[in-house]
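Top line first, the protein sequences correspond to chains G and R. Going by my numbering, the first residue of the first sequence is number 14, and it counts up by one from there. Going by my numbering, the first residue of the second sequence is number 14, and it counts up by one from there. Glycine included, C-beta positions come from ideal geometry on N, C-alpha and C. I have placed the structure first, in the form of structure tokens, so that the comments after it can refer back to it.
Protein chains: 2
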Amino acid sequence: MTGQVLASWNEGPARRAVLEYVDRATTPGTGFVEPADRIAAFDNDGTLWVEQPLPPQFDFVFRAWEEEVKADPSLASRQPYKALVERDQGFFEGLATQDPEAVASLLEAFARSWAGTTPGEFDARVREWTRTVRDQRFGVPYVELVYRPMLELFDLLRANGFRVFVCSGGGRDFMRAFAEDTWGILKENVIGSAAAYTYTDGRIVRSHELLGSLDLGPGKPEHIFAHTGRLPAFAGGNADVDIEMLRSAAFALLVRHDDDRREYAYTKGAEASLAAAERFGWAVVSMKDDWATVF
Amino acid sequence: MTGQVLASWNEGPARRAVLEYVDRATTPGTGFVEPADRIAAFDNDGTLWVEQPLPPQFDFVFRAWEEEVKADPSLASRQPYKALVERDQGFFEGLATQDPEAVASLLEAFARSWAGTTPGEFDARVREWTRTVRDQRFGVPYVELVYRPMLELFDLLRANGFRVFVCSGGGRDFMRAFAEDTWGILKENVIGSAAAYTYTDGRIVRSHELLGSLDLGPGKPEHIFAHTGRLPAFAGGNADVDIEMLRSAAFALLVRHDDDRREYAYTKGAEASLAAAERFGWAVVSMKDDWATVF
């Protein structure tokens with residue numbers, strides 16, 4: 014970062030609210046935040062990178078499941094493989110709204126796909142995917158679809174003594190594979206839904222079980238507390254599954270997707286969080302108005 | 014830290030091995046450890062502070078259980094309350110050797126004692142305990158029974174780009190209450206056995222369930238991987254329940270309790286780890302010979 018802070022942000026209420034909060038948090042007096050308490054937590058899909066038409070992790074997962082269906086065609090009659098074969102996007106959108114049946118079948122399938130792999134093997138697959146697969150609309154690898162203004166916000170927060178964490182419903186180990194290169198965030202600051210691993214014969218191996226709760230909705234503050242021993246001072250999100258995390262923070266920032274020219278415009282899955290922003294006075298980022306540059 | 018590194022360590026093989034490892038890890042060439050991989054993990058009981066006659070957390074827990082037995086005398090006929098009332102130390106020593114029945118009854122009792130409390134309430138109780146209760150032999154609060162040479166080792170590691178974590182079978186939240194003041198380690202770098210918490214009505218509340226596995230034996234590398242996404246480069250321990258963590262590290266240091274004048278001399282619960290140290294060439298710290306100062 015050289016020169017101005019939040020350089021890709023337009024002057025406006027969102028930028029002003031962030032700068033005022035950071036100033037208040039670091040200035041002795043009302044609103045001062047003790048250095049140890051300076052935890053910032055950000056959702057990933059739709060907050061740090063593009064989540065349309067589906068969060069990028071689905072692309073990674075679908076490629077694995079396509080291989081599995083090829084190897085065992087009987088899977089094609091069962092969810093979630095059936096929805097994949099039939100291109101039933103509605104099924105997968107159920108995850109964002111937490112349709113329990115869809116979630117259960119997805120988790121089971123996730124578990125099956127990578128049980129028995131070591132972290133090194135899983136990392137290599139994700140890295141191969143980030144290197145070779147491109148988003149259809151933008152024609153670049155997904156890790157290039159990270160919002161530059163948010164990386165600048167990380168810089169600002171770190172420069173003011175905040176530790177920046179990502180806290181996403183997506184896979185912890187999936188995100189950790191690119192967190193350091195893409196976000197400049199160490200793996201240990203990435204919190205997400207995760208498989209349990211067992212240590213056997215000197216190796217860490219992925220099991221078919223989930224560790225703790227899904228990192229969605231109330232699961233977000235639960236995961237943040239378990240990981241850090243605190244609730245966040247600063248939180249950023251963009252969807253209804255972020256509401257509890259945003260409410261648990263002293264300062265909350267909600268990204269509104271209203272830029273169909275440079276990104277996407279949609280409110281689906283964010284209706285309640287947009288209402289909560291109004292009610293609780295959260296800072297709302299209009300991608301269209303508040304960001305001079307998106308990527 | 015002023016002046017010499019590892020100032021309370023005597024010249025000798027242990028100090029030499031540590032300095033050589035850190036030098037190798039930070040010098041380009043064979044044995045260089047990438048900055049992101051510089052994770053150091055330390056057991057707590059017997060590695061960072063005194064664990065005789067029982068790990069200090071038992072003192073904290075026993076005081077709570079005594080109150081519970083007073084309130085409900087029928088508990089006195091059940092384990093672990095029975096062992097407490099009858100001063101049956103053997104029962105509690107079973108935990109270190111992982112007697113499954115003792116562990117199960119202990120976990121159940123732990124769960125019962127603090128279910129429903131918020132982190133703030135639990136923290137306050139631990140802080141009251143660290144402030145007021147004194148170790149019988151030494152006559153000082155338990156947090157003053159931390160080994161000064163280990164704090165100097167933290168300083169050395171941090172000065173060389175290592176992130177220092179504590180990874181203990183003891184309670185995560187118990188340790189987090191004093192980690193920052195006592196060790197200079199942020200709560201988020203403290204890993205341990207932990208209750209699950211739920212986020213309800215805007216509050217984080219402790220449940221009666223365990224989150225994941227006990228942080229003992231194979232649970233240690235499992236917890237470290239889950240928390241950090243890596244296995245440790247450097248690990249320190251003192252007991253058989255640390256073997257898997259020590260084996261998972263590139264450099265392992267084992268504390269040998271052989272100083273009954275300044276601390277305690279015992280090998281119980283450490284027989285296998287002392288043999289493993291020999292077999293795998295771990296650095297062994299003789300408290301008697303290698304430490305000029307203990308506290």
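Please identify, using Cβ separations under 8 Å, the residues of the region 256-285 of chain G that lie next to chain R, in order along the chain. Glu257, Arg260, Ser261
Do you know how far the Cα of G:Gly42 is from the Cα of R:Leu88? 49 Å
Which of the three DSSP states is assigned to G:Gly182 in this structure? strand
Tell me the rounded alpha-carbon separation between G:Met14 and G:Leu169. Reliability fails at G:Met14, whose pLDDT of 45 lies under 50, so the model's placement of it is uncertain and the value that follows must be treated cautiously. The straight-line gap from Cα to Cα measures roughly 9 Å.
When burial is assigned at 16 or more other CB atoms within 10 Å of the CB, is G:Thr213 buried or exposed? G:Thr213 is classed as exposed because its beta carbon has fewer than 16 other beta carbons within 10 Å across all chains shown.
Please tell me whether G:Ala239 and G:Leu223 are closer than 9 Å, where the distance is taken between their beta carbons. no
Among all the DSSP beta bridges, which residues are the ones paired with G:Ser299? For G:Ser299, DSSP records a beta bridge to G:Arg269.
C-alpha gap between G:Asp85 and R:Val156, whole angstroms: Each residue's Cα considered, the two are about 58 Å apart.
Just checking: is the beta-carbon of R:Arg176 within a distance shorter than 9 Å of some beta-carbon in chain G? Output row for R:Arg176: interface = yes.
Give the residues from the region 225-240 of chain G that approach chain R closer than 7 Å (Cβ to any Cβ), ordered along the chain. Residues of the region 225-240 of chain G with a C-beta less than 7 Å from any C-beta of chain R: Gly225, Pro231, Pro234, Glu235, Phe238, Ala239, His240, listed in chain order.
N-terminal and C-terminal residue of the alpha helix (DSSP H) that R:Glu121 is part of: Element bounds for R:Glu121: 113-127.
R:Ala239 lies in the alpha helix (DSSP H); which residues open and close that run? 232-241
Nearest to G:Ser226 by CA position, among G:Tyr277, G:Ser90, G:His236, is which residue? G:His236
Over the uninterrupted alpha helix (DSSP H) stretch that includes R:Ser286, give me the two end residues. Membership of R:Ser286 in the alpha helix (DSSP H) is indicated by the continuous run 284-293.
Is DSSP giving G:Ala77 helix, strand or coil here? helix
Test item: CB-CB of R:Asp272 and R:Met300 under 9 Å: The answer is yes: Cβ separation under 9 Å.
Using a cut-off of 9 Å between C-beta atoms, extract the partners of G:Pro41 located in chain R. None at all; the shortest Cβ gap to chain R is about 20 Å.
Would you report the Cα separation of R:Gln261 and R:Tyr210, rounded to the nearest angstrom? With the sequence shown as reference, residue 261 of chain R is identified as Ser, and Gln is not the correct amino acid for it. Computed Cα separation, rounded: 29 Å.
Tell me whether R:Ile217 sits in a helix, a strand or coil according to DSSP, three-state version. strand
First and last residue of the alpha helix (DSSP H) that includes G:Gly197? Counting along the chain, G:Gly197 falls outside any alpha helix (DSSP H), and DSSP gives it neither H nor E.
With H, G and I counted as helix, E and B as strand and the rest as coil, what does DSSP make of G:Thr143? DSSP places G:Thr143 in the helix class (H, G or I) of the three-state scheme.
So, are the CB atoms of R:Asp192 and R:Val179 less than 9 Å apart? The identity of residue 192 of chain R in the sequence shown is Ala, whereas the question assumes Asp. Yes, Cβ-Cβ distance for R:Ala192 and R:Val179 is below 9 Å.
May I have the straight-line CA-CA distance separating R:Ala96 from R:Glu284, to the nearest angstrom? 26 Å
What number of angstroms, rounded off, separates the C-alpha of G:Phe293 from the C-alpha of G:Ala30? 14 Å
Whole-number beta carbon distance between G:Gly184 and G:Leu229, since they are thought to touch under 8 Å: No, G:Leu229 and G:Gly184 are not in contact; Cβ-Cβ is about 12 Å, not under 8 Å.
Is G:Gln70 buried or exposed, if buried means 16 or more other CB atoms sit within 10 Å of its CB? Burial call: buried.
Run through the DSSP bridge pairs and tell me what R:Ile204 is partnered with. BP columns for R:Ile204 point to R:Cys180.
Can you give me the C-alpha to C-alpha distance between R:Val380 and R:Leu244, rounded to a whole angstrom? With chain R covering 14 to 308 only, the question about residue 380 of chain R has no answer from this structure.
Any idea what DSSP makes of G:Glu222, helix, strand or coil? The three-state secondary structure of G:Glu222, taken from DSSP, is strand.
Within chain R, the residues that G:Ile198 reaches when beta carbons sit closer than 7 Å: Residues of chain R whose Cβ lies closer than 7 Å to the Cβ of G:Ile198 do not exist; the shortest such Cβ separation is about 11 Å.
Going by Cα to Cα distance, which pick from G:Thr40, G:Asp253, G:Tyr277, G:Ala296 is closest to G:Asn264? Looking at the sequence itself, residue 264 of chain G is Phe, so the reference to Asn does not match. G:Phe264 has its Cα closest to that of G:Ala296, out of G:Thr40, G:Asp253, G:Tyr277, G:Ala296.
From the DSSP output, in three-state form, read off R:Tyr94 for me. helix
Which listed residue (G:Ala290, G:Arg216, G:Asp72) has its alpha carbon closest to that of G:Glu141: G:Asp72
Less than 9 Å between CB atoms is the rule here; does G:Gly215 satisfy it with respect to chain R? yes
Apart from the five residues just before and just after R:Phe175, which ones in its own chain have a Cβ nearer than 6 Å to its Cβ? Arg51, Ala53
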